[in-house]
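Before any comments, here is the structure.
In our numbering, the protein residues as written are 13 to 106.
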């Protein structure tokens, strides 16, 4: 026995299929965004000594600064995920 479609499924228009080129373009753009994200996060520890010398921070203060970055980054994952679910990933990434 097959389940019958709900009213919303029956009325929803089918999404147009993307060409292979469009799909690969999207994959490339997402891979580029992911690469930039990792480079951005990885650049801060590499530049730690320069930041420490420029601002005049002690090792303890630098640790607190990096901890604040980590915790704010971690805590915002849940709200940003909710926003992406609610408004769509395309709007959030744009």
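Don't be surprised by glycine CBs; every beta carbon is placed ideally from N, CA and C.
Assignment of residue 54 by DSSP, reduced to helix, strand and coil, places it in the helix class.
Proximity of the region 35-51 to the region 67-86 falls short of the contact definition, fewer than three beta-carbon pairs being nearer than 8 Å.
With respect to the C-alpha of residue 80, the residue from 61, 94 and 56 having the closest C-alpha is 56. Shown here for residue 48: not one same chain residue has a beta carbon closer than 6 Å to its own, the five before and five after excluded.
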